[in-house]
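*Asks:* Numbering (the UniProt record's numbering), first residue to last: 1 to 431.
1. Is DSSP giving residue 317 helix, strand or coil here?
2. Within 10 Å of its beta-carbon, does residue 135 have 16 or more other beta-carbons around it, so buried, or fewer, so exposed?
3. In chain order, which alpha helix (DSSP H) runs of at least 4 residues are fully inside the UniProt domain "GFO/IDH/MocA-like oxidoreductase" (212–334)?
4. Alpha carbon to alpha carbon, how far is residue 426 from residue 72? Give it in angstroms, no decimals.
5. Looking only at DSSP bridge pairs, what is residue 172 linked to?
6. Smallest Cα separation from residue 231: which of 365, 322 and 90?
7. For residue 46, which residues in the same chain have their Cβ closer than 7 Å to its Cβ, ignoring the five residues on either side in sequence?
8. For residue 39, which three-state DSSP category applies?
9. What number of angstroms, rounded off, separates the C-alpha of residue 304 from the C-alpha of residue 311?
10. Within 10 angstroms of the Cβ of residue 413, are there 16 or more other Cβ atoms? Answer buried if so, exposed if not.
11. Under a Cβ-count criterion, where at least 16 other Cβ atoms within 10 Å of its own Cβ denotes burial, should residue 376 be classed as buried or exposed?
12. Could you pull the start and end residues of the alpha helix (DSSP H) that residue 80 belongs to?
13. Note down, in chain order, each residue of its chain lying with its Cβ closer than 6 Å to the Cβ of residue 388, except the 5 sequence neighbours on either side.
14. When you compare only the Cα positions, how much space is there between residue 349 and residue 213?
15. Would you call the segment 365–379 and the segment 195–203 in contact, with 3 or more CB pairs under 8 Å?
16. Rounded to whole angstroms, what is the Cα-Cα separation between residue 309 and residue 272?
17. Going by alpha carbons, who is nearest to residue 390 out of 70, 234 and 419?
18. Let me confirm a value: residue 407 is counted as buried when at least 16 other C-beta atoms fall within 10 Å, else exposed. Which label applies?
19. Look up residue 70 in the DSSP assignment and say whether it is helix, strand or coil.
20. Would you kindly report the start and end of the unbroken beta strand (DSSP E) that includes residue 348?
21. Taking residue 275 as the reference, which of 288, 110 and 306 has the closest Cα?
22. If we ignore side chains and look at the alpha-carbon of each, how far apart do residue 70 and residue 99 end up?
23. Which residues bound the alpha helix (DSSP H) around residue 164?
24. In the structure shown, what three-state DSSP assignment does residue 125 receive?
25. List the whole-angstrom C-beta distance separating residue 93 from residue 116, where the pair is believed to meet the contact cut-off of C-beta under 8 Å.
26. With DSSP as the reference, label residue 401 as helix, strand or coil.
27. Check whether the segment 331–339 and the segment 239–254 are in contact - that is, three or more C-beta pairs closer than 8 Å.
28. Just tell me which of 259, 128 and 386 has its CA closest to the CA of residue 153.
29. Quick check on residue 88: does DSSP put it in helix, strand or coil?
30. For residue 3, is the classification buried or exposed, using 16 other Cβ atoms within 10 angstroms of its Cβ as the cut-off for buried?
31. Hey, would you say residue 327 sits closer than 7 Å to residue 225, going by beta carbons?
32. Can you find the residues in the same chain that come closer than 6 Å, C-beta to C-beta, to residue 317, ignoring five residues on each side of it along the sequence?
33. Pick helix, strand or coil for residue 131, following the three-state DSSP scheme.
34. Among the candidates 286, 268, 344 and 291, whose CA atom is the shortest distance from the CA of residue 302?
35. Classify residue 379: buried if its beta carbon has 16 or more other beta carbons within 10 angstroms, exposed otherwise.
36. To which residues does DSSP link residue 103 through a beta bridge?
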C-alpha cells in the first residue's frame with residue numbers, strides 16, 4: 001500500500017497537490033471500530049480499517065515552552081480518554097497532548113487491542129487504561145479519566161457520548177455532534193442529567209486567525225458586514241475506504257454538508273455573531289455518479305440574518321480542495337484563504353484599494369482545544385462551543401436539506417437559539 005500524506009497545513013480531508021484525497025476528522029474512529037451495538041456494517045468498518053496507518057497526515061512541529069506560566073503540574077492536569085484511534089487521533093490528537101498545558105492523555109478506547117497497546121506504549125498510557133468498545137462502560141470506575149474525547153464516525157457520536165456521560169465523564173465530541181437533531185438533543189439531555197460538560201470540538205473557535213477575524217469585524221473598523229461567502233470542498237473517491245461512509249447518508253448525516261459544509265455554516269454564524277432567520281438551498285447532483293447515489297454532489301445555500309447580512313455558502317465532494325471564506329463589509333473586506341486548515345491559514349484585510357496580509361501566530365489547534373476543555377472542567381474557563389451550539393448547526397443543516405427537497409423554497413431557521421458565549425470576547429489569543 002502506498003503511503004499518502006497531506007500537505008503540511010491541511011486537514012486530513014484536503015490532499016496536497018498531486019496526492020490522493022484522504023480522510024477527514026471524523027473518519028478516525030471508523031478505522032478503529034466494530035459493530036458493538038452501533039448497527040454499522042462490519043464489512044464497511046473492516047474496509048475502512050484497510051486504509052491503515054500509512055495515510056496519517058504530516059503534522060507540523062510546535063515547540064512546547066518548558067516554562068510556560070499557563071502550564072500546570074502533571075498531577076493537576078485533567079485526564080482524557082480518546083475514543084477511536086484512527087487518522088485524526090494518530091495524526092493530530094495524540095501528538096497534541098505533547099503541547100497541551102493542562103490536559104493529559106490517560107486512557108485509550110479501541111476496537112483493535114494491538115493498535116491500542118502499541119499507541120499506549122508510545123504515549124505512556126498504562127496498560128490497564130486501555131478499553132474496548134465492549135468494556136467501555138467500565139470507565140465509570142477509572143478516576144484517571146475526567147474527559148472522554150469522541151473521535152468516531154458521525155453515526156457513532158451520540159451512543160458513545162451518552163455512554164460516557166452516564167459513566168460520569170465530561171465529553172469533548174468531534175463535529176458534527178450527531179447525524180440527527182433528535183440525537184443531538186438526546187446528548188444535551190444526557191449531559192444535563194449527569195451534570196457534566198458537553199463540548200463540541202469546533203477548533204476554529206479557539207484558533208488565532210478566526211479569533212482575529214471575529215474581533216476585526218466586531219470592532220467596526222471595516223464597517224457594517226454585508227455579505228459572507230464560504231466555500232468548503234474537496235474530491236471524494238469511492239476507491240478511498242475513508243470516503244465510503246461519508247458517501248452514505250445514514251452514517252455521515254449529510255455527505256459533504258456534514259463533513260465540510262458545517263465549517264461554512266458555523267463560520268458565518270461566528271463571524272457575524274448572529275443567527276440566520278431563513279435559508280434557501282439548492283443541490284446539483286449527478287445520480288449516475290456512483291459517489292452520489294445517496295448524498296448530494298453540490299449543495300449551495302443562502303442564509304438571511306436579522307441585521308440584513310446575507311451568507312452564501314457551498315460545499316461539495318466534487319470540488320478542488322478549498323476551505324475559505326470572505327466577508328464583505330461597507331468599508332473593507334476580509335479574506336481567509338485558507339481559513340480552516342490545521343496550520344498555514346492566511347488572513348488578508350483590504351480597506352479601499354490597499355490589502356495587507358495579517359501576521360497570525362500559529363498554534364497547535366488540538367492542544368489548544370483540549371486545554372480549553374480542561375479549563376472548563378477545572379472551572380477556569382467558560383464553555384464556549386456548547387452542545388447547544390452543535391445542535392444549532394444540526395438544525396441548520398436539516399433546514400438546508402429541507403429547502404433542497406422543496407426545490408429551493410425558503411425555510412425558517414428562527415429556532416430561538418442565542419449563543420451563550422461569544423468566542424471573540426471569551427477566548428484569549430495564546431502568546
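Even for Gly, the Cβ is constructed at its ideal location relative to N, Cα and C.
*Replies:* Considering the structure as presented:
1. Translated into the one-based positions of the chain shown, residue 317 becomes position 317. In this structure, residue 317 counts as coil in the three-state DSSP scheme.
2. Along the chain shown, read from residue 1 onward, the residue named residue 135 stands at position 135. Exposed is the call here.
3. 241–244, 249–252 and 262–272
4. Residue numbering aside, residue 72 sits at position 72 when the chain shown is read from its first letter. Residue numbering aside, residue 426 sits at position 426 when the chain shown is read from its first letter. For residue 72 and residue 426, the distance between alpha carbons rounds to 21 Å.
5. Walking along the chain shown from the start, residue 172 turns up at place 172. Answer is 149 and 199, bridged to residue 172.
6. For the purposes of this step, residue 231 is taken as the residue at position 231 of the chain shown. Here the closest residue by C-alpha is 322.
7. Against the chain shown, residue 46 aligns to sequence position 46. Because residue 46 sits at a pLDDT of 37, beneath the cut-off of 50, its placement in the model cannot be relied upon, and the following sentence gives the value as read from the coordinates. Closer than 7 Å at the Cβ level, and outside the excluded window around residue 46, lies no residue.
8. Position 39 of the chain shown, counting from 1, holds the residue named residue 39. Summary for residue 39: the model assigns pLDDT 43, below 50, so the residue's position carries little reliability, and this model does not support an answer.
9. One-based indexing of the chain shown puts residue 304 at position 304. One-based indexing of the chain shown puts residue 311 at position 311. Each residue's Cα considered, the two are about 7 Å apart.
10. Here residue 413 refers to the residue found at position 413 of the chain shown. It is buried - the Cβ of residue 413 has at least 16 other Cβ atoms within 10 Å.
11. Looking up residue 376 in the chain shown gives position 376. Buried, since its Cβ has 16 or more Cβ neighbours within 10 Å.
12. If you number the chain shown from 1, residue 80 lands on position 80. Per DSSP, residue 80 belongs to no alpha helix (DSSP H); it is in the beta strand (DSSP E), 78–83.
13. Position 388 of the chain shown, counted from the first residue, corresponds to residue 388. Contacts found: none.
14. For the purposes of this step, residue 349 is taken as residue 349 along the chain shown, with counting starting at 1. For the purposes of this step, residue 213 is taken as residue 213 along the chain shown, with counting starting at 1. Their backbone Cα atoms lie some 9 Å apart in a straight line.
15. yes
16. Translated into positions along the chain shown, residue 309 becomes position 309. Translated into positions along the chain shown, residue 272 becomes position 272. Each residue's alpha carbon lies about 8 Å from the other.
17. Taking the first residue of the chain shown as 1, we reach residue 390 at position 390. The residue with the shortest Cα to Cα distance from residue 390 is 419.
18. The count along the chain shown starts at 1 and reaches residue 407 at position 407. Result: exposed.
19. Here residue 70 refers to the residue found at position 70 when the chain shown is read from its first residue. Three-state result, residue 70: coil.
20. For the purposes of this step, residue 348 is taken as the residue at position 348 of the chain shown. 347–351 is the extent of the beta strand (DSSP E) around residue 348.
21. Here residue 275 refers to the residue found at position 275 of the chain shown. It is 306.
22. As a working note, residue 70 is residue 70 in the chain shown. As a working note, residue 99 is residue 99 in the chain shown. Distance between the alpha carbons of residue 70 and residue 99 is about 12 Å.
23. Counting from one through the chain shown, the residue named residue 164 turns up at place 164. Per DSSP, residue 164 belongs to the alpha helix (DSSP H) from 157–166.
24. As a first step, residue 125 is located in the chain shown; it is residue number 125 there, counting from the start. Residue state, collapsed to three classes: coil.
25. The count along the chain shown starts at 1 and reaches residue 93 at position 93. The count along the chain shown starts at 1 and reaches residue 116 at position 116. The Cβ separation is near 14 Å, so there is no contact.
26. For the purposes of this step, residue 401 is taken as residue 401 along the chain shown, with counting starting at 1. Looking at residue 401 - three-state DSSP - the assignment turns out to be helix.
27. no
28. Taking the first residue of the chain shown as position 1, residue 153 is located at position 153. The candidate whose alpha carbon is nearest that of residue 153 is 259.
29. If you number the chain shown from 1, residue 88 lands on position 88. Secondary structure of residue 88 (DSSP, three-state): helix.
30. Counting from one through the chain shown, the residue named residue 3 turns up at place 3. Here residue 3 scores only 30 on pLDDT, less than 50, and its place in the model is too uncertain to base an answer on.
31. Counting from 1 along the chain shown, the entry for residue 327 is found at position 327. Counting from 1 along the chain shown, the entry for residue 225 is found at position 225. The answer is yes: Cβ separation under 7 Å.
32. Position 317 of the chain shown holds residue 317. Taken in chain order, the residues that qualify are 236 and 256.
33. Taking the first residue of the chain shown as 1, we reach residue 131 at position 131. Here residue 131 sits in strand by DSSP.
34. Counting from 1 along the chain shown, the entry for residue 302 is found at position 302. It is 268 whose Cα lies nearest to the Cα of residue 302.
35. Counting from one through the chain shown, the residue named residue 379 turns up at place 379. With fewer than 16 Cβ atoms within 10 Å of its Cβ, residue 379 is classed as exposed.
36. Locating residue 103 in the chain shown gives position 103, where the first residue counts as 1. Answer is 78, bridged to residue 103.
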